[in-house]
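>
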Amino acid sequence: MFETIDEITQLVKDKEAEFQAGTGSSTAPSLHDRMEADFELLTLEPYQPKDMNGNVRKGYQSFTTSKPRNFFDKILDGVNRAEMILTIETEEDAGAEEKKKASLGELFLFGLLERINRRLQRRGEPPLRESLAYWMCARGWYALRVLIYKSAREKEPVVDVLPWDQMRVTWEMSGDGLLWAAHKRLASAAQVLAEYDIATEGKTAYVIDFWDKDINAVVVDSVWGKEPTPHNIGHPPVLIGAVGSMPSMQRKDYTGTIEHRGDSVWASSRGLYEPWNHYVSLLMDIAEAGMVGSMVWETEEGNKVLPEGDPFRNRQILQIKAGVEKLSHLELPKAPLETSAIVRLISDDIQQGTLPYPLAYGGTEESMSGRALAFLGDQTRSVYTPYSNGLALAYTWMCEELLSQFKNKVKGRMTVQGYDNKQKYYRAEIKPSDINPNWFVSVTVKPKLPRDEETEINMANASTASRGPGDMPLLSKATARENILQLRDPQAEEDKILTEMGKALPPIQGARIVDAMRRRGDNESADLVQRFLDSQGMGFGGQPGMGAPPGSSAPPGQNGAQPGQEIIKAVLLFLSENGGQELAKILVESLRAGTVLDPQVIASVVELLMQAGQRELAQAFVALMSGGASAPAGGQGAPPPTGGPPAMPSPAVGQGGV
């Protein structure tokens, strides 16, 4: 669409002029003027006292409140500490293979995010999330350029994601989305030479990174840093968004309102800090005047005057004639009575537009009820929500863009590593064929606000309890964990509960005790405990006094334990620690009863073992279970073939509610 340097340069220049001058007849500052004014609040630009005509009053007190920076830091910290959950959603009835691939896709995204952060840190920039949150809070807008490409200098694809300063971005939208976007920056001669191999005439040069639906080009001053090159993505890989819920609007004269879109943290309070500084500075002037102590010299002639200069700036003591002349304190200027009312009104407005002080800053020692905490959290949420929602939208778009570009542009495998949702380290290899272009990425960002967890636990217990034998609880435990307790990963919590229940089973506890004794070298005590467990029917032989599972005729093994016992013991320990508690329970009951284990249960056990890479244990378990046993009551049991896992579907055992 745009192919020459002049076309691109003029396009950017025209949009810059529009954003700097404003788009309508409104008296509001332009988009760029508003961003610059907000930046002065952020950096606490010193207040300049002025007279009624707007002239700077030199030599008078100047007060600059720290409120705007304190508020900014508070919101930014809340957004940075908010809980972010990234998932690839699948249907409830999706198969195990589909869910496994979705989990792999999540790991891929976590690994890419780790690469992005490390790349930004090498450039001396904060991590991506912190950068985006900063731009959103300070500018009220966010811009993000996302790329995955193959570089001759890198073995694996480069993941290049850059958050742009919205004040330096120009763009134009259409009904189908972004038409084009450009980022203009001032770069040093050394940077230009390193990035584009261009020697500039001056010490600096303007660099324009331009993207439209078809090409990418870079203009360095008036030459090509990168000639127009097809990017084969199909759209500009750039996201531009405004914080808040205001859509694109037009005024009554059909002019735009872009200068009103995008809420920085000072959207409703930016006009209050200057009058606050003004009145506090005046009060400081009055206080300083009271400290000087200048005098008035009254004479009969009335023609004697004080020396030139401000009498409240320099202490002056004069000689007078007794009985004729009079020396008294100069009457101090006083603030009008209305001043305190004005200051109070401004303070109230600032708190309504920001966060209430001292409550929101942890400055109250008053104990609060659970209802009061819930109310405070709900009312405070509206301050954080625009930025947490903006962060969630940006990450959702970026993740889907990364998946799409990797699927369509990259050939070969890519190794990623990092930490998953459960903060566990992993390392995985991903190839484009593993990516499903129809995946639905969900990102939520929830600020951490005051909660009454004791009340929530009591509410969860009450809602999941039944009132009688035939009564149903109001909520399932899964719903209570998700909606009332607001657990980050309810399914993971259920797995932990099942694991603890599995470890509490008497045979499992006994096996763990024996294992602990053997690890400490106390084999004699371990043998005594093992014999006691066997005598009580809690060993791995099933019936009291049984030395091995049905069908096992192997010779005794180490420390008096038979190979069959060791296999069953290893399988039960594995199941208890890997979400197979229900399978462990069924296996123990079958061994105690001396019945043939259901082939479908065997298939489920083997599948878990194979997924965890326990192939030898799976084969030994199948061989052991195929050794022969009496048929269960009511039918004939068909043992699976030996030498490998049974070829039959496995039910989702061990994943149900507790």
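Residue 114 is where the sequence shown starts when you use the working numbering, and the numbers rise one by one after that.
Where a beta carbon is used, it is the ideal one built from N, C-alpha and C, also for glycine.
(1) With DSSP collapsed to three states, give me the class of residue 146.
(2) Look at the Cβ atom of residue 507, then the Cβ atom of residue 309, and state whether they are nearer than 9 Å.
(3) Among residues of its own chain, excluding the 5 on either side of residue 148, which ones have a beta-carbon nearer than 7 Å to its beta-carbon?
(4) Kindly indicate the opening and closing residues of the alpha helix (DSSP H) around residue 367.
(5) Extract the residue ranges of the alpha helix (DSSP H) inside the region 152 to 187, only unbroken runs of 4 or more that lie entirely within it.
(6) What whole-angstrom Cβ distance do residue 257 and residue 284 have, given they're in contact under 8 Å?
(7) Could you pull out every residue in the same chain whose Cβ sits closer than 8 Å to the Cβ of residue 217, ignoring the five residues on either side in sequence?
(8) Could you pull the DSSP bridge partners for residue 140 from this structure?
(9) Use the C-beta contact count for residue 695: other C-beta atoms within 10 angstroms, 16 or more gives buried, fewer gives exposed.
(10) Taking the alpha helix (DSSP H) that residue 605 belongs to, which residues open and close that run?
(11) Give me, in chain order, the residues of the same chain whose beta-carbon lies closer than 6 Å to that of residue 128; leave out the 5 immediate sequence neighbours on both sides.
(12) Between residue 590 and residue 550, which are expected to be in contact by the criterion C-beta below 8 Å, what is the C-beta distance as a whole number of angstroms?
(13) Going residue by residue through the region 532 to 560, where are the continuous beta strand (DSSP E) segments of at least 3 residues, counting only ones entirely within it?
(14) Which residue comes first and which comes last in the alpha helix (DSSP H) that contains residue 620?
(15) In terms of DSSP beta bridges, what is residue 296 paired with?
(16) So, with DSSP's three-state summary, where would you put residue 503?
(17) Measure the C-alpha to C-alpha separation of residue 681 and residue 718 and round it to an integer number of angstroms.
(18) For the alpha helix (DSSP H) containing residue 636, list its first residue and its last residue.
(19) Please state the DSSP three-state secondary structure of residue 329.
(20) Taking residue 277 as part of the beta strand (DSSP E), name the residues at either end of that continuous run.
(21) Please name the residue, chosen from 329, 302, 716 and 388, that lies closest to residue 317 on a Cα-to-Cα basis.
(22) My assumption, with CB atoms under 8 Å, is that residue 386 sits in contact with residue 178. Please give the rounded CB distance.
(23) Within 10 Å of its beta-carbon, does residue 738 have 16 or more other beta-carbons around it, so buried, or fewer, so exposed?
(24) Identify the residues that DSSP records as bridge partners of residue 352: which are they?
(25) For residue 365, collect the residues of the same chain with a Cβ closer than 6 Å to its Cβ; drop the 5 residues on either side in sequence, then sort them by chain order.
(26) Can you check which of these residues, 598, 596, 595 and 573, is closest to residue 586 by C-alpha distance?
(27) Who pairs with residue 439 in a beta bridge, going by DSSP?
(28) State the Cα-Cα distance for the pair residue 237 and residue 362, rounded to the nearest angstrom.
(29) Could you compute how far the alpha carbon of residue 126 sits from the alpha carbon of residue 342?
(30) In the DSSP assignment, what residue or residues form a beta bridge with residue 199?
(31) Where do the N-terminal and C-terminal ends of the beta strand (DSSP E) with residue 339 fall, by residue?
(32) Using only CA atoms, which one of 463, 443 and 412 lies nearest to residue 436?
(33) Check whether the region 264 to 276 touches the region 517 to 531, taking contact to mean three or more Cβ pairs, one atom from each stretch, closer than 8 Å.
(34) Is DSSP giving residue 317 helix, strand or coil here?
(35) How would you call residue 514, buried or exposed, if buried means at least 16 neighbouring beta carbons within 10 angstroms?
(36) So which of 443, 527, 536 and 380 has the shortest CA-CA distance to residue 462?
This is what the structure holds:
(1) helix
(2) no
(3) 252 and 280
(4) Neither: residue 367 is in no alpha helix (DSSP H) and is coded neither H nor E.
(5) For the region 152 to 187, there is no continuous alpha helix (DSSP H) assignment of 4+ residues that stays within its boundaries.
(6) Separation of the CB atoms of residue 257 and residue 284 is rounded to 12 Å, and the pair is thereby denied contact status at 8 Å.
(7) Excluding positions up to five away in sequence, the list reads 541, 543 and 547.
(8) According to DSSP, which records beta bridges pairwise, residue 140 is partnered with nothing at all.
(9) Taking a 10 Å sphere around the C-beta of residue 695, we find 16 or more other C-beta atoms and assign the residue as buried.
(10) 603 to 616
(11) 283
(12) About 36 Å separates the two Cβ atoms, so there is no contact after all.
(13) 538 to 543 and 553 to 559
(14) From DSSP, the alpha helix (DSSP H) with residue 620 extends over 619 to 632.
(15) 282 and 322
(16) The answer is helix: DSSP assigns residue 503 an H, G or I state.
(17) 11 Å
(18) Residues 636 to 648.
(19) strand
(20) 271 to 277
(21) 302
(22) 6 Å
(23) buried
(24) 257
(25) none
(26) 573
(27) 411
(28) 38 Å
(29) 22 Å
(30) 556
(31) 336 to 343
(32) 412
(33) yes
(34) strand
(35) Its Cβ being crowded by 16 or more others within 10 Å, residue 514 is buried.
(36) 380
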